[in-house]
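Chains as they are written, first to last, in this note's numbering: chain A, 18 to 132; chain B, 42 to 153. Glycine is no exception: its CB is placed at the ideal position from the N, C-alpha and C atoms. As the structure is a computational prediction, the values presented were derived from the model and not from experiment. These notes are about the structure you will find just below.
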């Protein structure tokens, strides 16, 4: 398996623009997580899906952020409009809830810079 | 509620010295525990995980961790540090329902 695949790896955008980050989880995994990593806040859980359904979105910073998982093999995280303080590395991770004590597998991340 | 506390955001050791990274957890149910490593510009990779089969867990690259229920700890150790061990290390706890909670990370510097 190719692992969790995120695209793009790097994104530079202007303030006010819409940004869409994409994630393909590992085949067969039914849990998907979006994390944001910054120097100031460390690794923050934004949202967690189980079987394509959002379970916990309490980490989503504000209404400018939205996430979808239309099917088991694809998820998006959208920021509209983007702001400079959204600059961070965004990670997607997946795991198989049905496997006891399984770990979360991380993608390589998307480095977002909002100027 | 579940949480993880990593003591020491920065740890420096000399090459060849013992590495000890501390992690304490809080969980209302028997936890699953993990250590991850993050190299610059990369995602998090699993180092090791506690499966409840044995309290001493061995992972990749010579790392190991011991689950101490009485102390609610899961400290990461390596007998002899290598330069290549310089990275960010994260402790994590998960519970049934599969939510993962990460610590704030510890940056390990290895001094030649």
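Let's test the definition: count the other Cβ atoms within 10 Å of the Cβ of residue i and tell me whether it reaches 16, buried, or not, exposed.
i: residue 117/B; result: buried
i: residue 129/B; result: buried
i: residue 90/B; result: buried
i: residue 88/B; result: buried
i: residue 80/A; result: exposed
i: residue 64/A; result: buried
i: residue 147/B; result: buried
i: residue 124/B; result: exposed
i: residue 83/B; result: exposed
Who are the neighbours of residue i on chain A, taking C-beta pairs under 7 Å?
i: residue 104/B; result: Those within 7 Å of residue 104/B in chain A number zero; the least Cβ separation is about 15 Å.
Hey, residue i and residue j: beta-carbon distance below 9 Å or not?
i: residue 131/B; j: residue 60/A; result: yes
i: residue 119/B; j: residue 60/B; result: yes
i: residue 26/A; j: residue 128/A; result: yes
i: residue 141/B; j: residue 121/A; result: yes
i: residue 93/A; j: residue 28/A; result: no
i: residue 100/B; j: residue 106/B; result: yes
i: residue 23/A; j: residue 97/A; result: no
i: residue 115/B; j: residue 77/B; result: no
i: residue 113/A; j: residue 45/A; result: yes
i: residue 151/B; j: residue 70/B; result: no
i: residue 100/A; j: residue 32/A; result: yes
i: residue 30/A; j: residue 95/A; result: no
i: residue 79/B; j: residue 145/B; result: no
i: residue 153/B; j: residue 55/B; result: yes
i: residue 67/A; j: residue 88/A; result: no
Have a look at residue i and residue j and give me their C-alpha separation to the nearest angstrom.
i: residue 48/A; j: residue 119/A; result: 11 Å
i: residue 123/A; j: residue 68/B; result: 23 Å
i: residue 83/A; j: residue 34/A; result: 14 Å
i: residue 43/B; j: residue 122/B; result: 31 Å
i: residue 72/A; j: residue 98/B; result: 31 Å
i: residue 73/B; j: residue 104/A; result: 32 Å
i: residue 81/B; j: residue 86/A; result: 29 Å
i: residue 113/B; j: residue 132/A; result: 44 Å
i: residue 49/B; j: residue 62/B; result: 8 Å
Which chain B residues sit within Cβ distance under 9 Å of residue i?
i: residue 74/A; result: What residue 74/A touches in chain B: nothing, since even the nearest Cβ is about 12 Å away.
i: residue 107/A; result: Per Cβ cutoff of 9 Å: no residues; residue 107/A is ~11 Å from chain B at best.
Using a Cβ cut-off of 7 Å, pull out every chain B residue sitting near residue i, in sequence order please.
i: residue 126/A; result: 84
i: residue 121/A; result: 141
i: residue 59/A; result: 145 and 146
Taking Cβ-Cβ distances shorter than 8 Å, what residues in chain B pair up with residue i?
i: residue 66/A; result: Near residue 66/A there are no residues of chain B at all, since even the closest Cβ is about 11 Å away, more than 8 Å.
Quiz item: Got a sec: which bits of the stretch 83-112 of chain B sit with their beta carbon under 9 Å from any beta carbon on chain A, in order along the chain?
Solution: From the stretch 83-112 of chain B, only 83, 84, 85, 86, 87, 90, 91, 92 and 93 have a Cβ closer than 9 Å to chain A.
Quiz item: Closer than 9 Å, Cβ to any Cβ of chain A: which residues of the stretch 139-151 of chain B, in chain order?
Solution: Residues 139, 140, 141, 142, 143, 144, 145 and 146.
Quiz prompt | Members of the stretch 57-80 of chain B that neighbour chain A once the beta carbon cut-off is set at 9 Å | solution = Under the 9 Å Cβ criterion, the stretch 57-80 of chain B contributes 73, 75, 77 and 79.
Exercise. Name, going along the chain, the residues of the stretch 111-133 of chain B whose beta-carbon falls closer than 7 Å to a beta-carbon of chain A.
Key: Within the stretch 111-133 of chain B, the residues whose Cβ lies closer than 7 Å to some Cβ of chain A are 131, listed in chain order.
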